[in-house]
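One structure is given here, and the rest of the page talks about it.
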Amino acid sequence: MRCLIVDDSRHFLDAARGLLVREGVTVVGTATSAAEAGELVEDLRPDVVLVDIDLGEESGFDLIAHLRSASSPPPMILISTHAEQDYADLIAASPAIGFVPKTNLSAAAIQRLLDRV
1 MRCLIVDDSR
11 HFLDAARGLL
21 VREGVTVVGT
31 ATSAAEAGEL
41 VEDLRPDVVL
51 VDIDLGEESG
61 FDLIAHLRSA
71 SSPPPMILIS
81 THAEQDYADL
91 IAASPAIGFV
101 PKTNLSAAAI
111 QRLLDRV
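Letter by letter, the sequence shown follows residues 1 to 117 of the UniProt record's numbering.
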């Protein structure tokens, strides 16, 4: 599985990359902004994109809507430190294939969502 992680926290990006790599995921890149994420999705063609709901001054929901409009967009999964119920309606209305709390992030959690697509 080739994964791109989008989060405005460098600390989280490093921790998530380390965790997922240890679990057998190939992290092809990380991005800290919507613009960077858009470029990397086009250049790297990941199998899945993990997108933080809160990207500082940007919105993860806006980013996945934008990425969804591209030709052949990869599956996208929203991640957050907030509980899923805090954003349940927005998650359901988004083009994301699902949500994983950052505390539960794992290769298995990602694969479970991908298997449902």
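No residue lacks a Cβ here, since even glycine has one placed at the ideal position from N, Cα and C.
Spatial distance of residue i from residue j (CA atoms)
i	j	result
L4	V49	5 Å
V6	L55	8 Å
V100	E84	8 Å
A15	T30	11 Å
R45	M1	11 Å
S72	I79	22 Å
E42	N104	28 Å
R17	A88	26 Å
I110	I64	16 Å
D47	D86	27 Å
K102	E39	24 Å
R116	P75	11 Å
Helix, strand or coil at residue i according to DSSP, with G and I counted as helix
i	result
R2	strand
T26	strand
A65	helix
8 Å Cβ shell around residue i - same chain, five flanking residues per side excluded
i	result
E58	D8, S33, A34
A107	M1, L20, E23, G24, V25
Cβ shell of residue i (< 6 Å), same chain only, five flanking positions each side left out
i	result
L113	I77, I97, G98
Residues of its chain near residue i, where Cβ-Cβ distance is below 7 Å and the 5 sequence neighbours each way are ignored
i	result
L90	F61
D52	V6, D7, D8, G60, I79, S80
The segment 86–102 touching the segment 64–77, judged by at least three CB pairs closer than 8 Å: yes
Inside the UniProt domain "Response regulatory" (2–117) only - alpha helix (DSSP H) runs reaching at least 4 residues: 10–22, 34–44, 60–68, 88–93, 107–115
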